[in-house]
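S.K.:
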Amino acid sequence: MDKLKQIEAFVSVVEKGSLAGAALEQNITPVMLGRRIDALEKRLGTKLMHRTTRHLTLTEQGTVFLDHCRKLLTELDIAEKIISEGRHKATGHLVVSAPAAFGRKHVAPHAPAFIATNPEVQISFNLTDRVVDLVREGYDISIRIGGAIDPNFVAVKLASNRRVVCGTPEYFHRNGIPKTLEDIANHNCLSFNLQGGQQRGWYFQQGGKPVIIKTAGNLDCNDGELLHRWVSEGLGLGWRSTWEIESQLASGELLTVLDEFALPHYDIMAVYPQQRHLPAKVRFFIDRLKSIYAQPDYWSKG
5 MDKLKQIEAF
15 VSVVEKGSLA
25 GAALEQNITP
35 VMLGRRIDAL
45 EKRLGTKLMH
55 RTTRHLTLTE
65 QGTVFLDHCR
75 KLLTELDIAE
85 KIISEGRHKA
95 TGHLVVSAPA
105 AFGRKHVAPH
115 APAFIATNPE
125 VQISFNLTDR
135 VVDLVREGYD
145 ISIRIGGAID
155 PNFVAVKLAS
165 NRRVVCGTPE
175 YFHRNGIPKT
185 LEDIANHNCL
195 SFNLQGGQQR
205 GWYFQQGGKP
215 VIIKTAGNLD
225 CNDGELLHRW
235 VSEGLGLGWR
245 STWEIESQLA
255 SGELLTVLDE
265 FALPHYDIMA
275 VYPQQRHLPA
285 KVRFFIDRLK
295 SIYAQPDYWS
305 KG
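Start counting at 1 in the sequence shown, then tack on 4, and there's your number in our numbering.
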């Protein structure tokens, strides 16, 4: 027999003053309620109350036990209320990881408005181009751009994105336009050098299969924002995400080349550990980013 039901039966009988009253409240028969009290006393090995047809009197042990049971049920009610509200109301500390440049431009700036509508949420950001360990490092969400996702995690697509080769019109005027993947070897390629970055080469699709093209250039670094600046200054080719250069493509400041070889998807995703009940703070924040990114002119505004 369920321990909690036994405890609830005991408290209810004491508060109602009779088996009949408690049974009516719990929508069961007095006989069933009496069995629960008997089972509780048997399990504890002590008499909790003396019952007659007219009177109910607690024993000394019953009085002590009643106080603890009431506290237990109160704490349980509070815990259930907190969890229930947490599924519908965003509360608590939200810890978010995001790529440095993307996080500065497209994640963290939206936090104040989110907090304004969810005032019981506190947000901490770690903007890094390193792939973090969500569980070990205590993150609620990691914003990622492309890459493989551990099967123990859930990935929610926030927006479409592609990786493209780009440069300024001036750069192409000086150095020519690459027409094949092999032509990349004749160009100054500005690459990301952080571990897990682009040191192996740039990824493309050729003949329906992924290929890696080795690149070389006179500048590389571990900061995507700096690489973007160098490309915009005409210092070389970059393998950049469309989220980063969409406004410059629209204005003609940058041009893309080798588009027919670009990978089809390198999407922006929110990643979080699998869990039975996703906290509202996580769900609401993901929904907010998806809504913002879905605005027709969002990416082209720069």
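We treat Cβ as the ideally placed atom computed from N, Cα and C, and that holds for glycine. Nothing here was measured: the structure is a model prediction, and the numbers come from that model.
Should the stretch 262-280 be called in touch with the stretch 165-173, which here means at least 3 C-beta pairs below 8 Å?
M.R.: yes
S.K.: Quick check on Asn156: does DSSP put it in helix, strand or coil?
M.R.: For the purposes of this step, residue 156 is identified with residue 152 of the sequence shown, where counting begins at 1. Note: Asn156 maps to coil in three-state DSSP.
S.K.: Who are the Cβ neighbours of Gly96 in its own chain at under 8 Å, not counting the five residues just before and after it?
M.R.: What you label residue 96 is simply residue 92 of the sequence shown in a count that begins at 1. Contacts found: Gly90, Glu124, Val125, Gln126, Pro283, Lys285.
S.K.: Cutting at 8 Å between CB atoms, please list the residues of its own chain near Ala104, excluding the five before and the five after it.
M.R.: Reading the sequence shown from its first residue, position 100 is the one you call residue 104. Hits under 8 Å: Leu131, Thr132, Asp133, Asp227, Gly228, Glu229.
S.K.: Assuming the contact rule is C-beta atoms closer than 8 Å, Val275 and Ala102 should be a hit. Round their C-beta distance to whole Å, please.
M.R.: Reading the sequence shown from its first residue, position 271 is the one you call residue 275. Reading the sequence shown from its first residue, position 98 is the one you call residue 102. Not really, about 11 Å apart at Cβ, beyond 8 Å.
S.K.: What is the DSSP secondary structure of Asn192, reduced to helix, strand or coil?
M.R.: Locating residue 192 in the sequence shown gives position 188, counting from the first residue. Correct three-state label for Asn192: coil.
S.K.: Between which residues of its own chain and Ser236 is the CB-CB distance below 8 Å, once the five residues before and five after are set aside?
M.R.: Position 232 of the sequence shown, counting from 1, holds the residue named residue 236. For Ser236, where only same-chain residues beyond five positions count, the Cβ hits under 8 Å are Thr172, Gln252, Glu257, Leu258.
S.K.: Evaluate the contact criterion for the stretch 205-225 versus the stretch 175-194: three or more CB pairs, one atom per stretch, below 8 Å.
M.R.: yes
S.K.: I'd like the list of long-range same chain contacts for Ile119, defined as Cβ closer than 7 Å, with 5 residues on each side in sequence excluded.
M.R.: Counted from its first residue, the sequence shown places residue 119 at position 115. Excluding five sequence positions before and after Ile119, the CB atoms of its chain that fall closer than 7 Å to its own CB belong to Val125, Ile127, given in chain order.
S.K.: Taking the CB atoms as reference points, tell me whether Leu293 and His114 lie closer together than 8 Å.
M.R.: What you label residue 293 is simply residue 289 of the sequence shown in a count that begins at 1. What you label residue 114 is simply residue 110 of the sequence shown in a count that begins at 1. Their beta carbons are under 8 Å apart, which means Leu293 touches His114 by this criterion.
S.K.: Just to confirm, are His191 and Gly240 a CB contact at a threshold of 8 Å?
M.R.: By 1-based counting over the sequence shown, the position of residue 191 is 187. By 1-based counting over the sequence shown, the position of residue 240 is 236. In contact: His191 and Gly240 (Cβ atoms closer than 8 Å).
S.K.: Beta-carbon within less than 7 Å of Cys193's beta-carbon, same chain only, minus the 5 sequence neighbours each way: which residues are those?
M.R.: Here the question's residue 193 lines up with position 189 in the sequence shown. Around Cys193: Thr219, Ala220, Gly221, Gly240, Leu241.
S.K.: Would you mind sorting Val2 into buried or exposed? The rule is 16 or more other CB atoms within 10 Å of its CB.
M.R.: What the structure shows of the chain is the stretch from 5 to 306, and residue 2 is not part of that stretch, so it cannot be assessed.
S.K.: Quick check: the stretch 57-68 against the stretch 30-44, are at least 3 beta-carbon pairs closer than 8 Å?
M.R.: The stretch 30-44 vs the stretch 57-68: no contact.
S.K.: Between the C-alpha atoms of Asn156 and Gln10, what's the straight-line distance to the nearest angstrom?
M.R.: As a working note, residue 156 is residue 152 in the sequence shown. As a working note, residue 10 is residue 6 in the sequence shown. The straight-line gap from Cα to Cα measures roughly 38 Å.
S.K.: Ends of the beta strand (DSSP E) at Thr246?
M.R.: Here residue 246 corresponds to residue number 242 of the sequence shown, with the count starting at 1. From DSSP, Thr246 is part of no beta strand (DSSP E) but of the alpha helix (DSSP H) over 246-255.
S.K.: Once the 5 residues before and after Phe14 are set aside, which same chain residues still bring their CB inside 7 Å of it?
M.R.: Here residue 14 refers to the residue found at position 10 of the sequence shown. Correct list, in chain order: Ile41, Leu44, Leu52, Cys73.
S.K.: The alpha helix (DSSP H) that contains Trp234, what's its start and end?
M.R.: Counted from its first residue, the sequence shown places residue 234 at position 230. That run of the alpha helix (DSSP H) goes 228-236.
S.K.: Look up Phe165 in the DSSP assignment and say whether it is helix, strand or coil.
M.R.: Locating residue 165 in the sequence shown gives position 161, counting from the first residue. Correcting the residue type first, residue 165 is Asn in the shown sequence and not Phe. Three-state DSSP puts Asn165 in coil, outside helix and strand.
S.K.: Taking DSSP as the reference, what is the three-state secondary structure of Gly242?
M.R.: Along the sequence shown, one-based indexing puts residue 242 at 238. Here Gly242 sits in strand by DSSP.
S.K.: Looking at Ile153 and Phe106, is the spacing between their C-beta atoms short of 8 Å?
M.R.: As a first step, residue 106 must be located in the sequence shown, where it is residue number 102. As a first step, residue 153 must be located in the sequence shown, where it is residue number 149. No, they are not a contact pair.
S.K.: List the residues that DSSP assigns as beta-bridge partners of Phe129.
M.R.: Here residue 129 is taken as the residue at index 125 of the sequence shown, counted from 1. In DSSP, Phe129 forms a bridge with Val100.
S.K.: What number of angstroms, rounded off, separates the C-alpha of Leu60 from the C-alpha of Lys75?
M.R.: Here the question's residue 60 lines up with position 56 in the sequence shown. Here the question's residue 75 lines up with position 71 in the sequence shown. Straight-line Cα distance between these residues: approximately 22 Å.
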